[in-house]
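Taken in order, the sequence shown gives residues 7 to 328; the numbers are from my numbering.
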Amino acid sequence: MSEQWILEPEASTEPAHGCAPDERSIEQLLSAAVILLDKPTGPSSHQLAAWAKDLIGLEKMGHGGTLDPFATGVLPLLLGKTMRMTGAMLGHDKCYIAVMRFSEAPTSDELASASASLQGRIYNVPPEISAVKVQVRTRTVSVFEVLDIDGNYAVMKIKCEAGTYIRTIARDLGLLLAQEVELVELRRTNSGVFGEYHCVTMETIADAFWLWQTESDESALRKILLPIEALIEGLPQVVVKDAAVGALSHGAPLARPGVVSASKAVSKGETVRIMTLKGEVVALAELIVDSDALQEMSNGEVAKSQSVLMDIDVYPRAWKAE
């Protein structure tokens, strides 16, 4: 966690309202949680989300970041209110392990030189098989390195900005090497803060849900339902008093008297997570002052809501409408 300005060191929370994320019931988690699926090869990301939705019995379920049917790896499934954060999820940087087949066996030096040319800010046009409208755009590739070479095959590691087409990178690698390069295997190993070691299979989801429904054993299901807060751990935060939560859950702006602490060095206009003293997310909000200015303030608005994530009846409303 980043360094914090502690503005109200004596602030405390009332146990009668809300609860820590790890104390939520299964029903509460199902209304706002993430399941990290280890996508198998074959079905589409949309099909898997639909199957999981029907399995658990939810009306809606989304996913964060489409993987092609042939690809495997980290596919976040978004339950309930977490679907409001699909945009944030799609913006996470990604990491992939790719197996590429070359029409002619490259040397390690040739491959290292060509892959280095495709790091940084690059043009990344969607491949012809993509459903996305073809248009020139740029994406940042922070890592493109050779892990192994075996004849006409190479294993590559790619860390990149969200929305980067790995098939396009393989094609461009071929252009640099003056030969054909085919992407034959692709695995997403990371999506933002989530790694493949967090993931579970569809079979694990089915077994955990069956145990909960038929045996009243929630232990397995609880392990795979990550609270909504897990999605936003990387954002700077502002912690607020209990008395401010009710108004914030109705969409009111955050005023300085309601602030307990805040991340240091966060600039005006940046998105922050508004958190309770129990560690619950209330909303995502835009700072309208620099966080370093908060210690000099006693009144005034400091943030305006972008997306309210807490139900309105969790904390009492400390204000009344006129």
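Glycine is no exception: its CB is placed at the ideal position from the N, C-alpha and C atoms.
Fair warning: this is a prediction, and the values are worked out from it, not measured in the lab.
- A distance of 9 Å or more separates the beta carbons of residue 237 and residue 106.
- By the Cβ rule, the stretch 167-180 does not count as touching the stretch 43-61, because fewer than three pairs are nearer than 8 Å.
- By the C-beta density criterion, residue 223 is exposed, having fewer than 16 other C-beta atoms within 10 angstroms.
- When only Cα atoms are considered, residue 98 and residue 194 end up about 12 Å apart.
- Residue range 225-230 is occupied by the alpha helix (DSSP H) that includes residue 230.
- For residue 83, the three-state secondary structure derived from DSSP is strand.
- Secondary structure note for residue 291: its beta strand (DSSP E) is the uninterrupted segment 287-293.
- Per DSSP, residue 273 lies in no alpha helix (DSSP H) segment and is marked neither H nor E.
- For residue 210, the enclosing alpha helix (DSSP H) has its first and last residue at 208-221.
- DSSP lists 84 as the beta-bridge partner residues of residue 68.
- Here residue 145 carries a strand assignment [DSSP, helix/strand/coil].
- In terms of Cβ geometry, residue 251 and residue 282 form a close pair [threshold 9 Å].
- Taking every protein chain shown into account, the CB of residue 301 has fewer than 16 other CB atoms within 10 angstroms, so this residue is exposed.
- The straight-line gap separating the alpha-carbon atoms of residue 204 and residue 39 is approximately 14 Å.
- Per DSSP, residue 114 is one residue of the alpha helix (DSSP H) stretching across 114-123.
- Residue pairing for residue 159: DSSP places it in a beta bridge opposite 107, 156.
- Restricted to the stretch 19-58, the alpha helix (DSSP H) segments that are unbroken, complete and at least 4 residues in length are 32-36, listed in chain order.
- For the 9 Å CB-CB criterion, residue 12 and residue 267 form a contact.
- If you check the CB distance, residue 276 and residue 293 come in under 9 Å.
- Residue 245 and residue 274 do not touch by the CB rule: their CB atoms are close to 19 Å apart, not below 8 Å.
- DSSP, reduced to helix, strand and coil, places residue 10 within a strand of the structure shown.
- Using a Cβ distance threshold of 9 Å, residue 182 and residue 124 count as a contacting pair.
- Minimum Cα-Cα distance from residue 17 among the listed residues 248, 285, 260, 310 corresponds to 248.
- In the three-state reduction of the DSSP assignment, residue 92 falls in the helix class.
- Using a Cβ-Cβ distance cut-off of 8 Å, the stretch 53-71 and the stretch 148-160 are not in contact, since fewer than three pairs of beta carbons, one from each stretch, lie closer than that value.
- Following the DSSP letters along the chain, one finds residue 255 in no beta strand (DSSP E) but inside the alpha helix (DSSP H) bounded by residues 248-255.
- When secondary structure is reduced to three states using DSSP, residue 280 falls in the strand class.
- The continuous beta strand (DSSP E) containing residue 189 extends over residues 187-197.
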